[in-house]
Every structure is written in C-alpha cells, then in structure tokens.
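**Student:** Have a look at this one.
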Amino acid sequence: MKKHIKIILDSIGLLKPLHRMLLRLGMIEGHGHELLIRMLRREHRRQGTAMKGRWLVEIGSTREKLPGQGSTAQLAAICQRYGLHFTTVDMDPENTHQAAATLARFGNGFEAVNMKGEDFLASCERIVHYCYLDAFDIDHGHHSVERQRRYEEHLGVSIENELCWKMHLDCARALVERMPKGGIVVFDDSWWDGHSWQGKGHLAIPYLLEQGFEIVISTRNAVALERRQ
C-alpha cells in the first residue's frame, strides 16, 4: 500500500482491520508472529476446545512498539481467546519489564520471564505445544549502538550471525525433547535463498527437518514447522 493511502486508512480506523483481513486471505505476508497466529486459527478450526490448556512459549519478547510488530500482546490475545497458557522469555530485563506490563492487562496468569531463551527451554519440565522463536538478532549491519550495547551488557557478546544461529539451534534441540507430535514452531527472520536456509533458522530449521518436523508454510521472512513424527 502507498504511504498516503495507509495514512488515510489509519486516520479513519480501517488500517489494522484491513491488514488483518489481508493476512487471513493470504494476500500479504507479515511478521513471524502473524504466521503463528494464522497457524493457531487453523488449529482451532480443526480441534476447537481440545486446544484449551496447551502452552505457547515466545522466545524474544517485544522490544520497540513498531508498526506490524507487538508480538507479545498479539500472541497473548489469541492465547486468551483459545484458553492457552502463555509465557514470553527475553534476556533483556527492560524487555521483560515491558512484557510483564503488557501481560498484566490480560489478568489471567500469563508470565514474562527474564532469561536466555535457550536456557529456559532446556530447563522447563512442561510440554511445549507451540513456540515462536524470534530472539538473538541476525547481523544485517544496521543495528543501533544502543541495541549492540544491550547485547554486550546482558550477554557479554556482540551481535554475530554464528551466535544467532547457535542460539536458535539450541532452542530447537530443547524443543525436540519437549514438543509433542502436532506441535508447531515458527521462526521469524528466516528464509530459503534457493540453496539453504538463511537468517535465524539457518542451522535450526535443517536440524528440525531431520528430527521429524515438516515445513507447513514458508513466507518471505518466516517459516512454520509442525512435528509429524
């Protein structure tokens, strides 16, 4: 959509409803959390109330309030609607504090955890039915000085692709031990370049494919996999 059309639609309250409708129809591609929401709606059409009580874990809480983002609030909303448990995990205390304030609005025991995502998944003793992986950033060369500083402060490292790939691979390994058949995992900032998987899922997606997961939907920047074995 042209910028001036978006401004007009937003001013009359139609931009967000139109965006949601186009996503549902598959006419536009959104962020990874929007792909997961699409998958959850599909699951609900198939299973209905059988989904109630399942657990969705988000690795990488919302940071900035930017258009089209806000994954934590959107995932919490659909979890509330379908009766799912929801936990969001982030290594940055500021992000966790913001996420906790967001979840408090829902008033149903959702939790925000300040912890490295791979450590959280490796240590949890519950079954993870659904997982959204959007944590350690890829190095695209345009990260702000502030974001780099927070990585150095809280993780003691800089933003590097190798570290991003390993972190998401560690998450995938933990999920193999905790996700049942039919479970769904979605990677943001991941894509197929014609030869291999790139972005955050560079190592994790091939690993999951070897472990009995299959790709259900792959968009320009997100990938959804379902455990079939």
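So the sequence shown is numbered by my numbering: it starts at 667 and just counts up by one. Each residue gets a CB set at the ideal place from its N, CA and C atoms; glycine is no exception.
1. Tell me which residues share the same chain as residue 809 and place their Cβ nearer than 8 angstroms to its Cβ, disregarding the 5 neighbours each side in the sequence.
2. Am I right that residue 783 and residue 726 are in contact with their C-beta atoms under 8 angstroms? What's the rounded C-beta distance?
3. How do the stretch 850–858 and the stretch 871–888 stand: do at least 3 beta-carbon pairs fall below 8 angstroms, yes or no?
4. Would residue 740 pass as an interface residue toward chain B - the criterion being a Cβ-Cβ separation below 8 angstroms?
5. Three-state secondary structure (DSSP) at residue 819?
6. Does DSSP classify residue 879 as helix, strand or coil?
7. Is the Cβ-Cβ distance between residue 705 and residue 842 less than 8 angstroms?
8. Give the C-beta separation of residue 741 and residue 722 to the nearest angstrom, bearing in mind that I take them to be a contact with Cβ-Cβ under 8 angstroms.
9. Select from 845, 840 and 864 the residue whose C-alpha is nearest the C-alpha of residue 895.
10. Looking at C-alpha atoms only, which residue of 709, 779, 738 and 872 is the closest neighbour of residue 839?
11. Between the Cα of residue 789 and the Cα atoms of 781, 807 and 893, which residue gives the shortest distance?
12. Can you tell me whether residue 772 is helix, strand or coil according to DSSP?
13. Are the beta-carbon atoms of residue 714 and residue 796 separated by less than 8 angstroms?
14. Distance check for residue 876 and residue 772, CA to CA, integer angstroms please.
15. Tell me, to the nearest whole angstrom, how far the beta carbon of residue 630 is from that of residue 698; I am working on the premise that it is less than 8 angstroms.
16. Please give the ranges of any beta strand (DSSP E) in the stretch 725–761, keeping only runs that are unbroken, at least 3 residues long and fully inside the region.
17. Within 8 angstroms, do at least three Cβ pairs link the stretch 829–836 to the stretch 859–872?
**Tutor:** Let me lay it out:
1. 803 and 825
2. 7 angstroms
3. yes
4. In summary, chain B is missing from the structure at hand, where a single protein chain is found.
5. helix
6. strand
7. no
8. 6 angstroms
9. 845
10. 872
11. 781
12. coil
13. no
14. 38 angstroms
15. Residue numbering for the chain in the displayed model covers 667 to 895; residue 630 lies beyond these limits and cannot be assessed.
16. 751–756
17. yes
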